[in-house]
Amino acid sequence: GEINPNVNNNIPGLEALKDADLMVLFTRMRDLPDEQMQHFVDYIESGKPVIGTRTSTHSFSIPKGSKFEKYTWTNGDKAYEKGFGKQVLGETWISHHGAHGSQSTRGLLAKGQEGHAILKGIKDGDIWGPSDVYGVTLPLPGDSQPLVMGQILKGMKFDDAPLEGPKNEPMMPVAWTKSYKSESGKVARVFTTTMGAATDMEAEGTRRLLVNAVYWAVGLEAKVADKSNVEFVGEFKPTKFGFGGFVKGKKPADYAK
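Residues in the sequence shown are numbered consecutively from 4, following the numbering used here.
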């Protein structure tokens, strides 16, 4: 079938999670059939690592009364408040902290974390994206450790000046690590970034952040190179973030060539 991100009730192939070493998410407001959702739940309860990007903080929008309703982003049950995003990734959807579509994001390394394996080969300003900073509730929960702070810029260019005023005081974290303890007591490594739109990947530093995070998530942080090779494989022509702007008529196989 053709790729259509507007279809929110089907992700074929989730049975592959049973043998996966890592799950990387970029989902938004999914309402999957129970049999598909079960594969997802089995994975996050397995203690294996999770990486969540951008809208994954609000991965699921599941109706009340459904078997897996607790994973929805608005879940009000105190035992699993605000669903998968808050409980596993560390945050659910809060707000656009920067102005959507007119204020871009510069990543600054969190103080004291400059030596973290995920930040290897990255310096202030290497991470940038035209997507805006998301609002988060401070402090982040549990053992969450902010790694990158999101400086809101006045415009949509890499070298635009920072926005003055309270929006950057304090800055919101845009990347952090945490752990997730499953109901069975298994503990997983989790990396979350509220960046990750396709156009964010044009910045080398943003790509390096994610590549390094993969190594860290699977316990291979000692293997992170001083400057990981994050060159594009083939041609990369990202479409701008937003609804309805995806390239129509494409199949997954088209991107595997």
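The beta carbon of each residue, even a glycine, is placed where N, CA and C say it ideally should be. Quantities reported herein were computed from a predicted structural model and do not represent experimental measurements.
| Asked | Found |
| --- | --- |
| Check for me: the beta strand (DSSP E) holding T180 runs from which residue to which? | M175 to K184 |
| Would you kindly work out how many angstroms separate the C-alpha atoms of H61 and E5, rounded to a whole number? | 24 Å |
| Is the separation between the beta-carbon of V136 and that of H100 shorter than 9 Å? | yes |
| Residue ranges of each alpha helix (DSSP H) run of no fewer than 4 residues wholly in the region 26–99, ordered along the chain? | 37–47 |
| List the whole-angstrom C-beta distance separating A178 from P241, where the pair is believed to meet the contact cut-off of C-beta under 8 Å. | Incorrect: roughly 19 Å between the Cβ atoms, too far for contact. |
| Within a Cβ cutoff of 6 Å, which residues of the same chain sit near A120, ignoring the five residues on either side of it in sequence? | W219, E224 and V227 |
| Apply the 10 Å Cβ neighbour rule to D146 and answer buried if 16 or more other Cβ atoms are within range, or exposed otherwise. | exposed |
| For the region 138–180, list the alpha helix (DSSP H) runs that are entirely contained and at least 4 residues long, ordered along the chain. | none |
| Around the Cβ of L141, are there at least 16 other Cβ atoms within 10 angstroms (buried) or fewer (exposed)? | exposed |
| Taking just the CA atoms, how far does K181 sit from G93? | 7 Å |
| If S107 and P133 are in contact, beta carbons under 8 Å, what's the gap, nearest whole angstrom? | 5 Å |
| What's the call for F235, buried or exposed, on a 16-neighbour Cβ count within 10 Å? | exposed |
| Hey, out of Y258, F249 and M26, whose CA is closest to E238's CA? | Y258 |
| Sort E205, F71 and F63 by Cα distance to W131 and report the nearest one. | E205 |
| Is the beta carbon of K189 less than 9 Å from the beta carbon of S49? | yes |
| What number of angstroms, rounded off, separates the C-alpha of N171 from the C-alpha of E18? | 42 Å |
| Which whole-angstrom value describes the C-beta separation of I54 and V217, a residue pair presumed to lie in contact below a C-beta threshold of 8 Å? | 7 Å |
| Beta carbon of L25, beta carbon of K51: below 9 Å? | yes |
| Can you name, in chain order, every residue of its own chain whose Cβ lies under 7 Å from the Cβ of L166, other than the five neighbours on each side? | Q106, I155, L156 and K157 |
| Return yes when the Cβ of N11 is within less than 9 Å of the Cβ of M40, no when it is not. | no |
| Within a Cβ cutoff of 6 Å, which residues of the same chain sit near V214, ignoring the five residues on either side of it in sequence? | S231 and V233 |
| In the structure shown, what three-state DSSP assignment does I14 receive? | coil |
| If you follow the alpha helix (DSSP H) that T209 is part of, which residue opens it and which one closes it? | E207 to A220 |
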